[in-house]
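The working numbering puts the last residue of the sequence shown at 321; the count rises by one with no breaks. For each residue, glycine too, the CB sits at the ideal point set by N, CA and C. Keep in mind it's a predicted model, so treat the numbers as computed, not measured. Everything on this sheet refers to the single structure shown next.
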Amino acid sequence: MRLKTPKFWEKPSALSTLLSPLSCLYLAGHKIHQARQKTPYTSKLPILCVGNAVAGGSGKTPAVLALTDLLLEGGLTQSPLILTRGYGGRLKGPTMVSPDHHTYEDVGDEALLLVSKAMTCVCANRGYGAQMAELGGADLILMDDGLQNRQLEKTLSLMVVDEAQGLGNGKLLPAGPLREPLKDILARTDAILLVGESLPFKTNLPVFRAAITPRKTDLPEGPCIAFAGLGRPEKFEKTLRKNGIEIQSFHSFPDHHPYRPEDLALLLREAEKSGARLLTTEKDHVRLPGPFKDKIVPFPVRMVFETPEKLLGFLKTGLSR
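Shown next as structure tokens:
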């Protein structure tokens, strides 16, 4: 079952304290799983890993898309491949994603967004996916959501941190949002990609700041009814309001929600009655049934780096080692 990010993950509470013993069990299971993993595959290609410390959206997908652009524009790659697990899809791979042949049920919604930027491979085993990248003519691999994955040796690892989300209550799953202890993640991280201004923890690692902004200048005018099926749907609502979108009502769905015609019929009926437009995220838009896509406006966003030249220099040095 896919759920929204629990509210008690945001700050310490009685419920998060009550669940803390389960976090100890989770950590023990995590360490056993890591110990059982085989020696990671070492690719002949440079591997740029992009991940995060917490469950729920922190901006990894916009980060991968923006980094792909930066690497291409900076001449560090001519044929990048994005390697992703394909969360929510039925295919275990390795599968090269084709937007003409695959749906989100096949490869997940994120893969359909990523393939719009570069070759994308979905594979549950990242080592096998890297081997397909080598055979497919890639000259660099961007590994999406790979900080906790030990199947593939990384050349350089970036951790995306959303200032608004931070580390939540600082507890491990399920009492909090942390996937593993922060010190363990930082030990495998080469730099922080911070969405915002202030880092919620101390580190000696390089920090590169970024912002997520609308990709279009022609933002929708007039009243809108917005909806999203994300880990943190309120983040999307705040983005809309921050950019001057008139939100008449906002509807939240579970993360990666598979929209049914009846879900959308209700939303369309509400929009027609009030003369509003329906608005959703790009990630949600790829999950809409075909007949509804033209009736609902996607709200594209992009990640903008504060100092792209410095970040490019860091990537150039790190990926050549």
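Check your understanding: Is there contact between the stretch 54-72 and the stretch 122-133, where contact requires at least three CB pairs shorter than 8 Å?
Key -> no
Exercise for review: Could you tell me which of 154, 168, 78 and 184 sits nearest to residue 139, measuring between CA atoms?
Suggested key: The residue labelled residue 139 in the question sits at position 139 within the sequence shown. When only C-alpha atoms are compared, the closest one is 78.
Check your understanding: Which whole-angstrom value is the C-beta distance of residue 264 and residue 299, which I expect to be below 8 Å?
Key -> Start at 1 with the first residue of the sequence shown, and residue 264 comes out as number 264. Start at 1 with the first residue of the sequence shown, and residue 299 comes out as number 299. Actually they do not touch by this definition, with Cβ atoms about 16 Å apart.
Check your understanding: Can the beta-carbon of residue 226 be found closer than 7 Å to that of residue 250?
Key -> As a first step, residue 226 must be located in the sequence shown, where it is residue number 226. As a first step, residue 250 must be located in the sequence shown, where it is residue number 250. The answer is yes: Cβ separation under 7 Å.
Practice item. Would you tell me roughly how many angstroms separate the C-alpha atoms of residue 258 and residue 70, rounded to the nearest one? Key: By one-based count along the sequence shown, residue 258 stands at place 258. By one-based count along the sequence shown, residue 70 stands at place 70. C-alpha separation (whole angstroms): 32 Å.
Check your understanding: Which term fits residue 1, buried or exposed, when burial requires 16 or more other beta carbons within 10 angstroms of its beta carbon?
Key -> Against the sequence shown, residue 1 aligns to sequence position 1. Model confidence at residue 1 stands at a pLDDT of 45, short of 50, so the residue's coordinates are unreliable; what they give is reported in the following sentence. Classification for residue 1: exposed.
Check your understanding: Going by DSSP, which residues form a beta bridge with residue 47?
Key -> Position 47 of the sequence shown, counted from the start, is the residue given in the question as residue 47. Partner(s): 141.
Point to revise | 7 Å Cβ cutoff met for residue 297 and residue 268 | key: Looking up residue 297 in the sequence shown gives position 297. Looking up residue 268 in the sequence shown gives position 268. Taking 7 Å as the Cβ cut-off, residue 297 and residue 268 do not qualify as a contacting pair.
**Study point:** Beta-bridge partners of residue 277, as assigned by DSSP
**Key:** For the purposes of this step, residue 277 is taken as residue 277 along the sequence shown, with counting starting at 1. The partner list for residue 277 (beta bridge, DSSP) reads 224.
Check your understanding: Considering only the beta carbon of each residue, do residue 108 and residue 87 sit closer than 7 Å?
Key -> Here the question's residue 108 lines up with position 108 in the sequence shown. Here the question's residue 87 lines up with position 87 in the sequence shown. Result yes, Cβ atoms of residue 108 and residue 87 sit closer than 7 Å.
Check your understanding: The beta strand (DSSP E) with residue 246 in it runs from where to where?
Key -> On the sequence shown, position 246 is the one that residue 246 refers to. 246-253 is the span of the beta strand (DSSP E), which, as asked, contains residue 246.
Exercise for review: Name the one or two DSSP bridge partners that residue 209 has.
Suggested key: Taking the first residue of the sequence shown as position 1, residue 209 is located at position 209. Beta-bridge pairing links residue 209 to 194.
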